[in-house]
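In my numbering, the protein residues as written are 14 to 245.
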C-alpha cells in the first residue's frame, strides 16, 4: 500500500482507484496520485466556461469523475459545477449528484430534477469519456420507500462489466432486502433479490466485477457475492 509523504495540503479527499491511479483534491488543488511509485502529479487549474453571472452562488463541493478515454488512452477528469442565481425566486432544490462510478469509459452519477410534492424525479447522468457527451438515463422501477413505514437507499456500481443499480429496502422490523439491477442495451434488468437480512442498511458499492459491498447496523462492512449466497 502506498503512503503519500509531504502532502501539499491537509484534509485532502482521495477518490478512486482507476487503473491504480487516485484522484486527490482539496480546495483548488487537484492532482493524480500513483501509490505504486508514490508520485503526485498536479493538475492545471479549472477554467469555468461560460462565465457564470456575478450574482451566482456555488455549493461547497464540486462533483467529480475521472477515468480513461478508450480512444486516446489518456486519463480525463470531469468537474461539474452547478450554481443558482441570487435573483431566482425558485428555491426548489434538487438532489445533488452523487455515487460516481465508471463503466466501459463512461462516468455515471445519481441525481434528480426538481421535485414536486416532496418527491424527486430521479435520474442518472452519464458522461462518455471518448466523445465528451452527456446523457440522461432513467433509474429502474425499484421499490420506493413509504416514508412512514420503510426506507430505500440506492447507489451505483458495476456488476459483470455492466452499470449496476443497488437498492436496499428496509421495513420497520429493521430487515433489509437487496435488489441488484444491471443496464444493458438501454434496458434495466433485475438479476438478484437477496434477503430479508437483519441489520442490512446501505449498499456501498462494488468490489471487482461481481461482488457488492454492504453496510450493516453498527457500521460493519460486508462483502457479498450474490452467486455464492445462502438463500434464507
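Don't be surprised by glycine CBs; every beta carbon is placed ideally from N, CA and C.
Quick one: residues in its chain with C-beta nearer than 6 Å to the C-beta of residue i, no 5 flanking neighbours on either side, listed in chain order?
i, result
"residue 118", "83, 142, 143"
"residue 188", "209, 211"
"residue 147", "140"
"residue 191", "181, 207, 208"
"residue 28", "36"
Looking only at its own chain, which residues have a Cβ that is under 8 Å from the Cβ of residue i, when we skip the five neighbours before and after it?
i, result
"residue 31", "79, 80, 81, 88, 115"
"residue 203", "153, 192, 193, 194"
For my contact list, residue i and residue j are in at a C-beta cut-off of 8 Å; report their separation, rounded to the angstrom.
i, j, result
"residue 155", "residue 165", "7 Å"
"residue 77", "residue 35", "Contact doesn't hold; Cβ gap of about 12 Å is too wide."
"residue 232", "residue 226", "About 13 Å; that fails the 8 Å criterion."
"residue 123", "residue 167", "7 Å"
Which same chain residues, not among the five before or five after residue i, have their C-beta less than 7 Å away from its C-beta?
i, result
"residue 106", "Its pLDDT being 49, under 50, residue 106 is placed unreliably by the model, and the measurement read from it follows with that caveat. None."
In the DSSP assignment, find the beta strand (DSSP E) that holds residue i and state where it starts and stops.
i, result
"residue 47", "42-47"
"residue 230", "No beta strand (DSSP E) contains residue 230, which DSSP labels as neither H nor E."
"residue 37", "34-39"
Is there a C-beta anywhere in chain D that falls below 8 Å from the one on residue i?
i, result
"residue 195", "No chain D appears in the structure shown, which is made up of a single protein chain."
Residue i by DSSP, collapsed to three states: which one?
i, result
"residue 245", "Note that residue 245 has pLDDT 44, beneath the 50 cutoff, so the model's placement of it is unreliable and no number is given."
"residue 216", "strand"
"residue 55", "strand"
"residue 106", "Reliability of the predicted coordinates at residue 106 is poor, the pLDDT of 49 falling under 50, and the value obtained from them is presented with this limitation in mind. Coil."
"residue 239", "helix"
"residue 222", "coil"
query: If you scan the region 139-212 from start to end, which runs of the beta strand (DSSP E) of 3 or more residues do you find wholly inside it?
result: Complete beta strand (DSSP E) runs here, min 3: 146-151, 163-172, 175-184, 188-197, 200-211.
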